[in-house]
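A.B. asks: Order-wise, the sequence lines are chains S and H. Residue 205 in my numbering sits at position 118 of the first sequence; the count goes up by one each step and never skips. Residue 254 in my numbering sits at position 167 of the second sequence; the count goes up by one each step and never skips. From the three backbone atoms N, C-alpha and C, an ideal C-beta is built for every residue, glycine too. Take this structure first; my questions come after.
Number of protein chains: 2
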Amino acid sequence: MSTRASRGRRPGAPDTRAEVLAAARTSFAERGFRGTTIRAVAASAGVDPALVHHYFGTKDDLFVAALEIPVDPREVLAPVVAAGPDGAGERLLRTFLGVWDDPQVQPGLLAVVRSVVADDSGGLVREGFIPVVVGPVLAGLVPDRPEVRVPLVASQMVGLIVTRYVLALPPMAQMPAEDVVARVGPVLQHYLTGDLP
Amino acid sequence: MSTRASRGRRPGAPDTRAEVLAAARTSFAERGFRGTTIRAVAASAGVDPALVHHYFGTKDDLFVAALEIPVDPREVLAPVVAAGPDGAGERLLRTFLGVWDDPQVQPGLLAVVRSVVADDSGGLVREGFIPVVVGPVLAGLVPDRPEVRVPLVASQMVGLIVTRYVLALPPMAQMPAEDVVARVGPVLQHYLTGDLP
DNA sequence: CGCACAATTCAACACATGGTGAAAAACGTC
DNA sequence: GACGTTTTTCACCATGTGTTGAATTGTGCG
C-alpha cells in the first residue's frame, strides 16, 4: 500500500484535480476553514501539497472552489411561497430537507455553516443571508410582523441544521425526512401564520 | 498610551492573573479553541505570552480554567421537572434563558458551544451531554417516546442558542427573555407533551 | 522521432504557534 | 537592609503552516 511518490507526471489519465477537490470539500465540511490544512487535503488525495496550489491557487481560492453550491435559495423557495400560506410550513421544510439531504450539495453547505459559526461570528448570516435572501422571500408568506416571525422560523431551522447535520445527533440525523416534516412542520406553520404574543 | 514593557515585577498590586483569565474567556468565547492563540490572549491582557504559561500551564489547561461554569445543569433543571408537565415548556425556557443571559456564565458556555461545533464535531454533545445529563432529566417530564421528544426539544433549544447567542441575529439577540418564553415556550410544550406523529 | 506542454514532486522560505529556561524587578519578612 | 519569593519579560526552540520556484516525467502533436 506504500504508493511511492515518483516525480513527474503519472501514467494513465487520472483525474487528480477532481480528487483534490473532493478531499478539500469533505475536509472543509468536517473541520471548517481553519481546521483544514492544505497539507492534510493533499495527503488525503495522495498528492503533494504543491499540486493543490498548482490547480487551485491560494487556500481561500480552494475554499470557494470547494463550496460550489449549485442551488439558488430564492429559486428553490419560489414555489413554496407561490403556493400560499396553507401548509407552507411543511412544504418549506420538505424542500429544505431535500436540498440538505442531497449528497451533492451537503458538503458545501456544511462547510459554509461550520466556517460561519467558527470563524465568521455570523456576520455573513446576520448581514447577508437572512436579510437579503431568506427574509424577503418568507416575508411574502406571513400575514403580519415578519420581523418577529422570520427569526422564529430561522431559529427552528438552524436548530435542525445543527442537530441533524453538524452534530449529527441521533436520532435527529437518522430520522426520515418525512418524519421530520410531520413533526416539525406544524411548528413552522405556527411561527409563520399562528397566533403569536 | 505606549506602555513600555519593562522587565520584572510591576509596581502596585495589579491582579494580572485575573486579567489574563478574562482575556482568555472572551477569546475562547468569540473564536473557539483553535481560533484562540496564546499570543493574542497575552496581547489582549497587555502581557508577555510566557506569563500566560506561567499562571496556567498548557493551552488546554487555560481552556478548562477559562470555562469555569458554575452551574450544574441537573441541579438547575430539578425544580423545572419537579413542578410537573403543566407549563413545563415555559418554565424550562425561562430557567434556560436565565442561565444563558447571566454575563457571569455566558462566556464559558459560548466557548464550549463554539469549540464543540467547530472542533469536536459534536462527539462530546452526542455521547456526553445529551444522553447523560439532559436526556434523563427531561425523560421524567414527557408522557411517552422520550427518544423522539427530547431531540425535538433539543433542536429548538440549540436553534435558540445559535441564533440568539452565537450568531446574535437581530432581533433574536435583543428580544426580552419573557418575549422568547411567550413565543417559543408553547412550541417546547408541544414537543414535550403534545400530539406527535 | 522531436518538442511544446501539462502534471507532479522536491526543496526551501517566511512566518506563526505552543512551549521552555533563565534573568530582572518588585514585594514581603526577618 | 538582606534575602527568599513572586511576578514579569527576554531569548530561544521545535513544529506546522501557506506558498513559491525549480526540476523531473509523462502525454500529445507535428
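Kindly list the residues whose CB is nearer than 7 Å to the CB of F120 (chain S), restricted to its own chain and excluding five residues on each side of it in sequence; keep chain order.
C.D. replies: Within the same chain, F120 (chain S) has close Cβ partners F150, S202 and D206.
A.B. asks: Mind checking the segment 110-129 of chain H against chain S and listing, in chain order, the residues whose C-beta falls within less than 9 Å of any C-beta there?
C.D. replies: E117, R118, G119, R121 and G122
A.B. asks: Indicate whether the contact test is met: 3 or more Cβ pairs, each with one atom in the segment 100-113 of chain H and one in the segment 129-146 of chain H, closer than 8 Å.
C.D. replies: yes
A.B. asks: For the alpha helix (DSSP H) that contains D102 (chain H), what are its first and last residues?
C.D. replies: Counting along the chain, D102 (chain H) falls outside any alpha helix (DSSP H), and DSSP gives it neither H nor E.
A.B. asks: How many angstroms separate the CA atom of V253 (chain H) from the CA atom of R94 (chain H)?
C.D. replies: 39 Å
A.B. asks: Please specify which runs of the alpha helix (DSSP H), each continuous and at least 4 residues long, are wholly inside the segment 138-199 of chain H, giving them in chain order.
C.D. replies: 146-154, 160-169 and 175-187
A.B. asks: Name, going along the chain, the residues of the segment 226-257 of chain S whose beta-carbon falls closer than 9 Å to a beta-carbon of chain H.
C.D. replies: E234, V235, P238, L239, A241, S242, Q243, M244, V245, G246, L247, I248, V249, T250, R251, V253, L254, A255, L256 and P257
A.B. asks: Which of helix, strand or coil does DSSP assign to D266 (chain H)?
C.D. replies: Looking at D266 (chain H) - three-state DSSP - the assignment turns out to be helix.
A.B. asks: Within 10 Å of its beta-carbon, does V158 (chain H) have 16 or more other beta-carbons around it, so buried, or fewer, so exposed?
C.D. replies: exposed
A.B. asks: Under a CB-based cut-off of 9 Å, is V204 (chain H) close to chain S?
C.D. replies: yes
A.B. asks: Going by other Cβ atoms of all chains shown within 10 Å of its Cβ, with 16 needed for buried, is Q261 (chain S) buried or exposed?
C.D. replies: Taking a 10 Å sphere around the C-beta of Q261 (chain S), we find fewer than 16 other C-beta atoms and assign the residue as exposed.
A.B. asks: Go to V134 (chain H), then tell me how far its alpha helix (DSSP H) extends in each direction, as first and last residue.
C.D. replies: In the DSSP annotation of this structure, V134 (chain H) is not part of any alpha helix (DSSP H), being labelled neither H nor E.
A.B. asks: Is the CB of L286 (chain S) under 9 Å away from at least one CB in chain H?
C.D. replies: The structure shown does not extend to residue 286 (chain S), since chain S is modelled only from 88 to 284, so the question has no answer here.
A.B. asks: What does the Cβ neighbour count give for Q243 (chain S), buried or exposed, with the cut at 16 atoms within 10 Å?
C.D. replies: The residue in question, Q243 (chain S), is buried, as its Cβ has 16 or more Cβ neighbours within 10 Å.
A.B. asks: Who are the Cβ neighbours of T113 (chain H) in its own chain at under 7 Å, not counting the five residues just before and after it?
C.D. replies: Apart from the 5 residues on each side of it in sequence, T113 (chain H) sits with its Cβ closer than 7 Å to the Cβ of P194 in its chain, given in chain order.
A.B. asks: Within 10 Å of its beta-carbon, does G171 (chain S) have 16 or more other beta-carbons around it, so buried, or fewer, so exposed?
C.D. replies: Residue burial is scored here from C-beta neighbours: G171 (chain S) has fewer than 16 other C-beta atoms within 10 angstroms and is therefore classed as exposed.
A.B. asks: Kindly list, in the order they appear in chain S, the residues whose Cβ is closer than 8 Å to that of P263 (chain H).
C.D. replies: Result: empty, since nearest Cβ-Cβ is about 12 Å, beyond 8 Å.
A.B. asks: What's the gap between the Cα of P238 (chain H) and the Cα of T280 (chain H)?
C.D. replies: Those two C-alpha atoms are separated by around 13 Å.
A.B. asks: By Cβ distance below 7 Å, which residues in the same chain neighbour M259 (chain S) in space, the five residues on each side in sequence not counted?
C.D. replies: T250 and R251
A.B. asks: Helix, strand or coil: how does DSSP classify Q261 (chain S) here?
C.D. replies: coil
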